[in-house]
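Q: Residue numbers (full-length UniProt numbering): 1 to 143.
And the structure:
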């Protein structure tokens, strides 16, 4: 990797292929599809950190940097940026591998805010970091 190559922030959380059915009238992948993939990945990250159900309550600073094309592999990276009593902010970056084997580029980034909820839908406290299972802190492959 050259010194000028950007590195993804966070953990690779999901990966999928952009398909023809996901295009807008211009032939690029519809932005809403990309946001949906990012929300899915952010929800996985937030749910693991909260150890409970979570709901998306806000998207901040969403930036569409480059278009996603049919055949690109979309990888979504997530990182917990901050944790409050019942809410947290998740940094989300979407990267593509062009045409499944080509150049790797960051295409979208944003901050997703989640609230942890209990079985009745009411907000619930997020556990302290020291009370979390190892896989949340160290990765999926560790355990």
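For every residue, glycine included, the Cβ atom is placed at its ideal position computed from N, Cα and C.
#1: Would you please verify whether the beta carbon of residue 110 is less than 8 Å from any beta carbon of chain C?
#2: Return helix, strand or coil for residue 12, following the three-state DSSP convention.
#3: Just to confirm the assignment: which complete alpha helix (DSSP H) runs, minimum length 4, are found wholly within the UniProt domain "HotDog ACOT-type" (8–120)?
#4: Note down the Cα distance separating residue 125 from residue 92, rounded to an integer number of angstroms.
#5: Report the option in 101, 45, 105 whose CA atom is closest to the CA atom of residue 153.
#6: With burial defined as no fewer than 16 other Cβ atoms inside 10 Å of the residue's Cβ, what is the status of residue 130: buried or exposed?
#7: In whole angstroms, give me the CA-to-CA distance for residue 143 and residue 26.
#8: Just to confirm my understanding: we take residue 119, look at its own chain, exclude 5 residues before and 5 after, and list those with CB closer than 8 Å. What are they?
#9: My guess is that residue 90 and residue 42 are in contact by the Cβ rule of under 8 Å, so how many angstroms apart are they, rounded?
#10: Whose CA, out of 40, 58, 107, 56, lies closest to the CA of residue 68?
A: Quick answer:
#1: Considering every chain present, this structure includes no chain C. It has just one protein chain.
#2: On the chain shown, position 12 is the one that residue 12 refers to. Strand at residue 12.
#3: 31–50
#4: The sequence position of residue 125 within the chain shown is 125, counting from 1. The sequence position of residue 92 within the chain shown is 92, counting from 1. Using only the alpha carbons, I get a separation of about 23 Å.
#5: There is no way to answer for residue 153, as the model of the chain reaches only from 1 to 143.
#6: Reading the chain shown from its first residue, position 130 is the one you call residue 130. The residue in question, residue 130, is exposed, as its Cβ has fewer than 16 Cβ neighbours within 10 Å.
#7: Reading the chain shown from its first residue, position 143 is the one you call residue 143. Reading the chain shown from its first residue, position 26 is the one you call residue 26. Bear in mind that a pLDDT of 32 at residue 143, under 50, signals an unreliable position, so the number given afterwards is only what the model happens to contain. For residue 143 and residue 26, the distance between alpha carbons rounds to 44 Å.
#8: Here residue 119 refers to the residue found at position 119 when the chain shown is read from its first residue. Excluding sequence neighbours, residue 119 sits near 53.
#9: Residue 90 sits at position 90 when you count from the first residue of the chain shown. Residue 42 sits at position 42 when you count from the first residue of the chain shown. Yes, they are in contact, since the Cβ atoms of residue 90 and residue 42 sit about 4 Å apart, within 8 Å.
#10: Locating residue 68 in the chain shown gives position 68, where the first residue counts as 1. The shortest Cα separation from residue 68 among 40, 58, 107, 56 belongs to 107.
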